[in-house]
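**Student:** Residue numbers (our numbering): 104 to 452.
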């Protein structure tokens, strides 16, 4: 229910070119206890006043010079097409005109000359409906905000879990977590450069850190071996792709489906000499091709227990050398074209 205090504090706008009609209405309403009454005899000011006041009741005359009440109603309807317009029409016109006013958005009408109780009852009815409407609208907006906050919390939690899983995999490979930070951002930069939407880029940023999750299942004796791997040991290392994909498989989540694809395909090569399936060209999923470029760039330009970091320029040159063999040519070109953004991430080491 709406309190009496709120009803009498409601904002009222009266629009009538006849100053005497305005004075009569204002006196009736003020004597009844309404305290926020704004009036104008110029209908061309109605729209501006409505925007400024956001009134809970509009008393609107139909027959006015310059702009009649129907024209004013059109303006207000365009301004708030989904809002509840609290229009109480003032008219001495015949029934057909009153019916047209109701069709145009009026909620009720007052006959001239005004009946004291008619003015108060109809004004109060429209004000109560308007205040209830606003109350429900504000409550729904609050609920929507709570839902959005909860969705964001779930999304942020999911992202944090993914990042922590990715870091867990990298820590087993003598990493620090910085590789997945840089690699995922390189991937997003490249994706956006070839036409991914912002949302698609964010999805890739979120999922690409899981590209090496399968390394959790690789024995330390092989994963952390400081010397060169034997062919058999390298075959075991290669299984981190299929193991990672298996860990991530079976979900309906868009995130995990993309992560599964990346885990399986980020070591495939454009010429078909990659692993685990030897897929070639465009048969390799695009997200896998993108992550391959980002992953190799960061691996070459970073220090590892068994190698020194390459310089930025040397790493870029190496990518160019592998264009058309390891990597899709257009991805290498796009990566180089984004040098400024790539260098900004590289310099954060």
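All residues carry an ideal CB built from backbone N, CA and C; glycine is no exception.
Starting from residue 117 and walking both ways along the beta strand (DSSP E), at which residues does that stretch end?
**Tutor:** Residue 117 sits at position 14 when you count from the first residue of the chain shown. 114-118 is the extent of the beta strand (DSSP E) around residue 117.
**Student:** Please give the ranges of any beta strand (DSSP E) in the region 319-362, keeping only runs that are unbroken, at least 3 residues long and fully inside the region.
**Tutor:** As far as the region 319-362 is concerned, it has no whole beta strand (DSSP E) run of at least 3 residues.
**Student:** Express the C-alpha separation of residue 285 and residue 441 in angstroms, rounding to a whole number.
**Tutor:** Against the chain shown, residue 441 aligns to sequence position 338. Against the chain shown, residue 285 aligns to sequence position 182. Whole-angstrom Cα-Cα distance: 14 Å.
**Student:** Are three or more beta carbon pairs between the region 121-134 and the region 147-157 nearer than 8 Å?
**Tutor:** No: the two stretches stay apart, fewer than three of their Cβ pairs being nearer than 8 Å.
**Student:** Identify every residue that forms a DSSP beta bridge with residue 161.
**Tutor:** Counted from its first residue, the chain shown places residue 161 at position 58. DSSP output for residue 161 lists 116 and 190 as bridge partner(s).
**Student:** Restricting to Cα atoms, I'd like to know which of 410, 379, 424 and 368 is closest to residue 398.
**Tutor:** Counted from its first residue, the chain shown places residue 398 at position 295. When only C-alpha atoms are compared, the closest one is 368.
**Student:** Can you find the residues in the same chain that come closer than 8 Å, C-beta to C-beta, to residue 306, ignoring five residues on each side of it along the sequence?
**Tutor:** As a first step, residue 306 is located in the chain shown; it is residue number 203 there, counting from the start. Closer than 8 Å at the Cβ level, and outside the excluded window around residue 306, lie 357, 358 and 361.
**Student:** Which whole-angstrom value is the C-beta distance of residue 292 and residue 445, which I expect to be below 8 Å?
**Tutor:** Translated into positions along the chain shown, residue 292 becomes position 189. Translated into positions along the chain shown, residue 445 becomes position 342. Residue 292 to residue 445, Cβ: 6 Å. Contact.
**Student:** Exposed or buried, which one is residue 393 when buried takes at least 16 other CB atoms within 10 Å?
**Tutor:** Within the chain shown, residue 393 is the residue found at index 290, counting from 1. Its Cβ being crowded by 16 or more others within 10 Å, residue 393 is buried.
**Student:** Does the distance from the CB of residue 418 to the CB of residue 400 come in under 7 Å?
**Tutor:** Mapped onto the chain shown, residue 418 falls at position 315. Mapped onto the chain shown, residue 400 falls at position 297. Closer than 7 Å, so yes.
**Student:** What residues in its chain sit with their C-beta under 8 Å from that of residue 173, if we drop five residues either side in the sequence?
**Tutor:** Taking the chain shown and counting its residues from 1, the one referred to as residue 173 is at position 70. 165, 203, 204 and 207.
**Student:** Looking only at its chain, what residues have a beta carbon closer than 6 Å to the beta carbon of residue 188, apart from the 5 residues adjacent to it on each side?
**Tutor:** As a first step, residue 188 is located in the chain shown; it is residue number 85 there, counting from the start. Contacts found: 179 and 208.
**Student:** According to DSSP, is residue 141 helix, strand or coil?
**Tutor:** Here residue 141 is taken as the residue at index 38 of the chain shown, counted from 1. In the structure shown, residue 141 sits in a strand (DSSP, three-state: E or B).
**Student:** My output table needs one value for residue 214: the three-state DSSP class, helix, strand or coil.
**Tutor:** Numbered from its first residue, the chain shown carries residue 214 at position 111. Three-state DSSP puts residue 214 in a strand.
**Student:** What are the start and end residues of the alpha helix (DSSP H) that includes residue 126?
**Tutor:** If you number the chain shown from 1, residue 126 lands on position 23. Residues 122-135.
**Student:** On the criterion of 16 or more Cβ atoms from any shown chain inside 10 Å, does residue 452 qualify as buried, or is it exposed?
**Tutor:** As a position in the chain shown, residue 452 is number 349, starting the count at 1. Burial call: exposed.
**Student:** When you compare the region 325-342 with the region 301-316, are there three or more beta-carbon pairs, one atom per stretch, that lie closer than 8 Å?
**Tutor:** No: the two stretches stay apart, fewer than three of their Cβ pairs being nearer than 8 Å.
**Student:** Exposed or buried, which one is residue 386 when buried takes at least 16 other CB atoms within 10 Å?
**Tutor:** Looking up residue 386 in the chain shown gives position 283. When all chains shown are included, residue 386 counts as exposed.
**Student:** Once DSSP output is grouped into helix, strand and coil, what is the label at residue 288?
**Tutor:** For the purposes of this step, residue 288 is taken as residue 185 along the chain shown, with counting starting at 1. It is helical.
**Student:** When you compare only the Cα positions, how much space is there between residue 177 and residue 191?
**Tutor:** As a first step, residue 177 must be located in the chain shown, where it is residue number 74. As a first step, residue 191 must be located in the chain shown, where it is residue number 88. About 15 Å.
**Student:** According to DSSP, simplified to helix, strand and coil, what is residue 430?
**Tutor:** Within the chain shown, the letter at position 327 stands for residue 430. Strand, per DSSP.
**Student:** Thinking C-alpha only, which one of 163, 256 and 364 is nearest residue 344?
**Tutor:** Sequence index remark: in the chain shown, residue 344 carries index 241 (1-based). Closest option to residue 344, Cα to Cα, is 364.
**Student:** Answer yes or no: the CB of residue 294 versus the heavy atoms of the ligand ZN, is any distance below 6 Å?
**Tutor:** This structure simply doesn't include the ligand ZN, nor any ligand for that matter.
**Student:** Taking Cβ positions, are residue 163 and residue 118 nearer each other than 7 Å?
**Tutor:** Here the question's residue 163 lines up with position 60 in the chain shown. Here the question's residue 118 lines up with position 15 in the chain shown. Closer than 7 Å, so yes.
**Student:** Is residue 109 helix, strand or coil by DSSP?
**Tutor:** To locate residue 109, count along the chain shown from 1; it is residue 6. Three-state result, residue 109: helix.
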